[in-house]
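In what follows, a single structure is set out as structure tokens and then discussed.
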Amino acid sequence: MSTLVIIAVLVLLLVVFGLLFRLQILSSIFSGSFTRDIGMSNSVNAVLMLVFLVGGGSWFAYSFVENYGKMNPPIASVHGHHMETMFWTTMAVIGVAFAITQTLLFVYAYKYQYKEGRRAYFFSHNNKIEVIWTIIPAIVMASLIFAGWKAWTRITGPAPKDSVVVELMGKQFNWLVRYPGRDLKLGVINYRLIDASNDFGIDLNDQASQDDFTTTEIHVPKGHPVLFKIRSRDVLHAVYMPNFRVQMYAVPGMPTRFWFTPTTSTDEMRAKLGNPKFNYELACNQVCGKSHYAMKATVIVDEPDDYQNWFASQKSFASLNPDLVASFKKKAIEGTPKPAVAAEGKETTPAPLANASF
């Protein structure tokens, strides 16, 4: 306790001495006896402004060129090229504006450094300049926003009718993946049915659920539209696949969607990069807890024939969990009331892949 009192007294003394010093300076200013010799420090600071501008700008340029490839993984989707163009157009507009304003800032700091006898010019107002720097940025920003809105509505709007449907559910700390079976209808799910043996909460009393299957990897066919139906079981997650330029939040209680068309198979990308171990990746890029870093899934882009062979080889969730199916049938026989099904319940999945033209 005594230590705290001593610290408090010392702090108060410092505050008092500081106030007294300021009062002395103010009184000297008002009396006209205060003078301050700036010396070389002002010129040194002005030169350092230019040094920082040149040095910092050069380092940024080097870093940008050196890491450009890491920031821009190869594009493997149709819409990805449009997104890339829109992104770099936005960066160019913002970058040019930033470079001009920051260059002027540092140059002016040097050019208009303090000099004895120089007085600042008072510039009150200029309507023409005000109009120019208001209207031009408004037009440019509105154009960029409109382009972004068009792209957003396209990739989150209705998918083509023959799209391959994949349901993704994020949970701490992995991704659950479900496909409709041969009937191409996803069965209903219900959060009340979620347990250790039924991660999705699939309602096996629903006939459409009988042939649904779950996987640990995501398989999609090259050159064919793919619709992701996205959910979260607990907290906010995000579906992020950089090579496909896919980014969509997985929001608790609010299903989201995103559709795209992959253009490069996994084998083709491995050959292109010269990396036989390459895999497309789905990562959660929203910090969702202590094991967020591990929330990843492998995405495999197959050739159309390979995808159909893989699809045909999958076993349904019901066939792999006969005890769970039996428990559902027992409850149905006993007349146990079924809990309310999810709102997105009996939803018809687009036309069969087998009937689609590639």
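So for the sequence shown, the numbering used here puts the first residue at 96; every next one is plus one. C-beta atoms are modelled at their ideal positions from N, C-alpha and C, and glycine is treated no differently.
CA-CA distance, residue i and residue j?
{"i": "Pro275", "j": "Ala389", "result": "27 Å"}
{"i": "Thr393", "j": "His314", "result": "9 Å"}
{"i": "Val110", "j": "Val104", "result": "10 Å"}
{"i": "Met236", "j": "Ala156", "result": "25 Å"}
{"i": "Met186", "j": "Ser304", "result": "46 Å"}
{"i": "Asn380", "j": "Asp329", "result": "15 Å"}
{"i": "Thr361", "j": "Pro255", "result": "23 Å"}
{"i": "Asp306", "j": "Val346", "result": "27 Å"}
{"i": "Thr184", "j": "Glu363", "result": "29 Å"}
{"i": "Leu279", "j": "Gln302", "result": "12 Å"}
{"i": "Tyr344", "j": "Val173", "result": "21 Å"}
{"i": "Ser411", "j": "Glu312", "result": "15 Å"}
{"i": "Phe268", "j": "Leu331", "result": "11 Å"}
{"i": "Pro432", "j": "Leu288", "result": "Reliability of the predicted coordinates at Pro432 is poor, the pLDDT of 49 falling under 50, and the value obtained from them is presented with this limitation in mind. When rounded, the distance between both Cα atoms is 13 Å."}
{"i": "Ser138", "j": "Val146", "result": "12 Å"}
{"i": "Leu107", "j": "Ile101", "result": "10 Å"}
{"i": "Val191", "j": "Lys385", "result": "39 Å"}
{"i": "Ile224", "j": "Ile195", "result": "16 Å"}
{"i": "Gln122", "j": "Arg213", "result": "Reading off the sequence shown, one finds Ser at residue 122, where the question assumed Gln. Near 25 Å, if we compare the C-alpha coordinates of Arg213 and Ser122."}
{"i": "Arg117", "j": "Leu99", "result": "27 Å"}
{"i": "Lys245", "j": "Ile227", "result": "27 Å"}
{"i": "Asn162", "j": "His176", "result": "20 Å"}
{"i": "Gly150", "j": "Lys206", "result": "18 Å"}
{"i": "Ile189", "j": "Ala413", "result": "54 Å"}
{"i": "Ser158", "j": "Ser327", "result": "37 Å"}
{"i": "Pro371", "j": "Thr359", "result": "15 Å"}
{"i": "Asn457", "j": "Ala215", "result": "Absent from the model: residue 457. The displayed extent of the chain is 96 to 453, so no value can be given."}
{"i": "Phe406", "j": "Gly318", "result": "16 Å"}
{"i": "Gln409", "j": "Gly164", "result": "37 Å"}
{"i": "Val341", "j": "Phe355", "result": "8 Å"}
{"i": "Asn404", "j": "Met178", "result": "32 Å"}
{"i": "Cys383", "j": "Ala333", "result": "9 Å"}
{"i": "Ser292", "j": "Tyr286", "result": "13 Å"}
{"i": "Phe373", "j": "Ile250", "result": "26 Å"}
{"i": "Pro253", "j": "Asp400", "result": "26 Å"}
{"i": "Asn416", "j": "Lys426", "result": "16 Å"}
Between which two residues does the alpha helix (DSSP H) holding residue i run?
{"i": "Glu225", "result": "222-251"}
{"i": "Asp206", "result": "Reading the sequence as shown, one finds Lys at residue 206 and not Asp. Counting along the chain, the alpha helix (DSSP H) containing Lys206 begins and ends at 173-206."}
{"i": "Asp362", "result": "361-368"}
{"i": "Leu415", "result": "412-415"}
{"i": "Glu161", "result": "136-166"}
{"i": "Leu378", "result": "The sequence shown places Ala at residue 378, rather than the Leu named in the question. It is not in any alpha helix (DSSP H) - Ala378 instead sits in the beta strand (DSSP E) that spans 375-378."}
With DSSP as the reference, please indicate the residues paired to residue i in a beta bridge.
{"i": "Ala333", "result": "Tyr344"}
{"i": "Lys266", "result": "Asn269"}
{"i": "Thr351", "result": "Ile325"}
{"i": "Ile170", "result": "Answer by DSSP bridge pairing: none, since Ile170 is not bridged."}
{"i": "Pro357", "result": "Ser172"}
{"i": "Tyr274", "result": "Phe308"}
{"i": "Asp257", "result": "Paired residues: none, contrary to the question."}
{"i": "Ile297", "result": "Ile284"}
{"i": "Asp290", "result": "Asn293"}
Determine whether the beta carbon atoms of residue i and residue j lie at a separation below 7 Å.
{"i": "Pro350", "j": "Ser258", "result": "no"}
{"i": "Ile284", "j": "Gly296", "result": "yes"}
{"i": "Pro357", "j": "Val420", "result": "no"}
{"i": "Leu271", "j": "Asp294", "result": "yes"}
{"i": "Met148", "j": "Phe201", "result": "Residue identity differs from the one stated: residue 148 is Leu in this sequence, not Met. Against a cut-off of 7 Å, the Cβ pair of Phe201 and Leu148 comes out as a contact."}
{"i": "Met181", "j": "Ala233", "result": "no"}
{"i": "Met135", "j": "Ala204", "result": "no"}
{"i": "Val261", "j": "Phe353", "result": "no"}
{"i": "Leu299", "j": "Phe423", "result": "yes"}
{"i": "Ile325", "j": "Leu263", "result": "yes"}
{"i": "Lys391", "j": "Ala378", "result": "yes"}
{"i": "Tyr402", "j": "Pro316", "result": "yes"}
{"i": "Gln197", "j": "Ala141", "result": "no"}
{"i": "Arg365", "j": "Thr309", "result": "no"}
Any C-beta of chain B sitting closer than 7 Å to the C-beta of residue i?
{"i": "Pro371", "result": "Looking at the structure shown, chain B is missing, and only one protein chain is on hand."}
The beta strand (DSSP E) spanning residue i covers which residue range?
{"i": "Ala392", "result": "391-397"}
{"i": "Thr310", "result": "308-310"}
{"i": "His314", "result": "313-316"}
*Are three or more beta carbon pairs between the stretch 331-344 and the stretch 164-183 nearer than 8 Å?*
yes
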